[in-house]
Amino acid sequence: MPLDQRRAGILLHPTSLPGPYGIGDLGSACIRFLDWVQATGLAYWQILPLGPTGFGDSPYQCFSAFAGNPLLVSPELLVQDGLLDGEHLQNWPEQRGAVDYGAVMELKHKALHEAHQKFLSNPPGGIKERYGQWSKREGVSGWLEDYALFKALKKENSGKCWVEWPESVKLRDKQALADARKRLEQDVSYHEFIQFLFFDQWERIRKEAASRGIEIIGDAPIYVSFDSADTWAAQGEFELDEKGNPTHVAGVPPDYFSATGQLWGNPLYRWDVMEKEGYAWWAARMRAIFEQVDIVRLDHFRGFMGYYAVPFGQPTAEHGAWRKGPGAKFFQAMKKAIGDLPIIAEDLGEITYDVTDVRKQFNLPGMVILQFAWSPAALDPMIANPNNEFLPHRHEYNSVVYTGTHDNDTTIGWWQHTSTPDERTGMQIYLSVDGALPNWDLIRCGLRSVAQTFVVPAQDLLDLGTEARMNLPGRPAGNWTWRLNENDLSVPLSQKLRELLLIYERCANPPEVAIPDPPKQPEY
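What follows is the structure, given as structure tokens:
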């Protein structure tokens, strides 16, 4: 059973891997990363959602909750498989450093189109068979056809959101869809093929990880994007009007951090309809993600118990209302449909009792963020509030502790720019540290926690500041672009972290040490 031992992991999205092709991919750099993880003694590799990114290049706003991101396809492996000429790589302009998504898309899709033409005209041995087997798999054909047609129609309609397409295809008239598949046959074929390439390469990575004893923690956002194949193909599952527009959208209400709340804009589920169908759409989604990863971080877990609905068209989230979610019924249905639930519940924010009750009912670990632990005590701001649930003495065994997540600043950035003087003082006093290396102070803190799992973002291991932040919610540009340099994950860093994993009994592959027999019981 995953997460049942005292172990540790690293948070790093594949786009952040190093390499010359503009973005991290599933090629040789990914294998070297897995070698480093194994040598260090880490048990888990945590990633962000793997879907094809849409608005803002965010993995949390994807064109599909089922499909994979073709930008992660490795050009090296395409050459190895005979789908791409080696000269293509020699002529590829070297792009190291931060991801330039516009340039990457142009170059990567040029290579993928070339691979597709090779597949159609003169496929290398074995490729057609592998493609045929994959496309006919249970759980693939159900989404692949709709997704590929969605992408082809989106191109035909100049990239417009599906709700702005001609009425017949927008509302999925059967004859109109059949005509579109025939008319756009080449584009549909292309998008189906590059999905095969992604999943073919990802399966290799999963096997390589498993052979090294590494489990992959994936990420499932609770909501899907409005402009997605998911919403277009299953309109009856979402709160949409007769024209396809949302009636209400997702968000969170005003709070200490935002006077107007957060307006996410995702369509809401018709939970009553889904319940009558046995939550079949969600069961298919969860099966699909468990085909990709070993463990799933379920984002916005509290939304299954109660969710905030904002009338569509409102400029802010100030005038929404809370609604009751499906609660335990949903998780009972998931357990019945797919068996064990190796899920991490993202239970951050203002959490009500029903959220905690359901999490414990299904024995799901929650999340702890150490950067949030140091709020000052009311009576003495020089010390951390002892009732803060993120302080180490409040940790539970069945939880996953992080220094920070993809939405946080790096720990050094937090220490330098975001934390208050009282928070810094409280942390120094509580941990008995001077704060000279706050990232390693929190890494040691997380490693020695009673929590069964500790995960650290790669940026914190590398002593990086705000310049390496993965995501700043609301920032118009610059998110999701950070990448490793070639030698960042070095042998000395591996040895340093491995020593700490051994000290705190979190090493996944400790050296075998003969344990002496206990002394004999004396005779009385």
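For the sequence shown, this note's numbering gives the first residue as 2, with consecutive numbering after it. Ideal placement from N, C-alpha and C gives every residue a C-beta, glycine not left out.
Which of helix, strand or coil DSSP assigns to residue i
i, result
"Glu209", "helix"
"Gln522", "coil"
"Ala230", "helix"
"Leu145", "helix"
"Pro343", "coil"
"Leu113", "helix"
"Lys137", "coil"
"Lys156", "helix"
"Val451", "coil"
"Phe194", "helix"
"Asn510", "coil"
"Ala515", "coil"
"Glu369", "Note that residue 369 corresponds to Val in the displayed sequence, not to Glu. Looking at Val369 - three-state DSSP - the assignment turns out to be strand."
"Lys161", "coil"
"Arg33", "helix"
"Phe239", "strand"
"Ala9", "strand"
"Tyr22", "strand"
"Phe331", "helix"
"Pro124", "coil"
"Leu150", "helix"
"Glu204", "helix"
"Met2", "The predicted position of Met2 is uncertain, since its pLDDT is 42 and thus under 50; a value taken from the coordinates is nonetheless stated next. Coil at Met2, not helix or strand."
"Asp461", "helix"
Cβ neighbour criterion (16 or more within 10 Å) applied to residue i
i, result
"Leu503", "exposed"
"Lys521", "exposed"
"Lys129", "exposed"
"Asp273", "exposed"
"Leu473", "exposed"
"Ser226", "buried"
"His394", "exposed"
"Val294", "buried"
"Gln176", "exposed"
"Gly133", "exposed"
"Ala478", "exposed"
"Ala181", "buried"
"His14", "buried"
"Gly125", "The sequence given here places Pro at residue 125; Gly does not occur at that position. Per the 10 Å Cβ criterion, exposed."
"Asn246", "exposed"
"Glu347", "buried"
"Thr232", "buried"
Contact set for residue i: own chain, Cβ-Cβ below 7 Å, skip 5 residues either direction
i, result
"Ala99", "Thr482, Trp483 and Arg484"
"Ala322", "Ala310"
"Ala40", "Ser495"
"Asp518", "none"
Run of the beta strand (DSSP E) containing residue i, from where it starts to where it stops
i, result
"Asn267", "Gln263 to Pro268"
"Ile217", "Glu216 to Ala221"
"Phe455", "Thr454 to Pro458"
"Arg324", "Ala322 to Lys325"
Close beta carbons around residue i, own chain, < 6 Å, minus the five adjacent residues each side
i, result
"Met2", "Because Met2 sits at a pLDDT of 42, beneath the cut-off of 50, its placement in the model cannot be relied upon, and the point is left open."
"Leu185", "Ala153"
"Thr406", "none"
"Asp423", "Pro377 and Pro382"
"Thr526", "Residue 526 is absent from the model: the chain starts at 2 and stops at 525."
"Ile195", "Pro71 and Leu113"
"Ile344", "Val297, Leu299 and Leu365"
"Gly20", "Ala30"
First through last residue of the alpha helix (DSSP H) which encompasses residue i
i, result
"Arg184", "Lys175 to Arg184"
"Tyr45", "Per DSSP, Tyr45 belongs to no alpha helix (DSSP H); it is in the beta strand (DSSP E), Tyr45 to Gln47."
"Ser169", "Glu168 to Lys171"
"Tyr354", "Tyr354 to Gln362"
Residue i Cβ short of 8 Å to the ligand NAP heavy atom set
i, result
"Arg395", "Among the components of this structure there are no ligands whatsoever, and the ligand NAP is therefore not found."
Own chain, CB closer than 8 Å to residue i, minus 5 neighbours either side, in chain order
i, result
"Lys330", "Glu276"
"Thr261", "Pro255, Thr317, Ala318 and Glu319"
"Tyr45", "Arg8, Ala9, Gly10, Ile11, Ile215, Glu216, Ile217, Ile218, Ile296, Thr454 and Val456"
"Met306", "Lys325, Gly326, Gly328, Thr353, Asp355, Val356 and Val359"
9 Å Cβ cutoff, residue i in contact with chain C
i, result
"Thr353", "Note that chain C does not occur in the displayed structure, where there is just one protein chain."
Every unbroken alpha helix (DSSP H) inside the segment 49-108 [4 residues or more]: List check, alpha helix (DSSP H) in window: 76-81 and 87-91.
Ranges of the beta strand (DSSP E) found wholly within the segment 242-317, counting only runs of at least 3: Those beta strand (DSSP E) runs which fall completely within the segment 242-317 and span 3+ residues are 249-253, 263-268, 296-299 and 307-312.
Length at least 4, wholly inside the segment 372-448: the alpha helix (DSSP H) runs in chain order: For the segment 372-448, whole alpha helix (DSSP H) runs of length 4 or above, ordered along the chain, are 422-432 and 439-448.
Whole alpha helix (DSSP H) elements within the segment 471-503, 4-residue minimum: Complete alpha helix (DSSP H) runs here, min 4: none at all.
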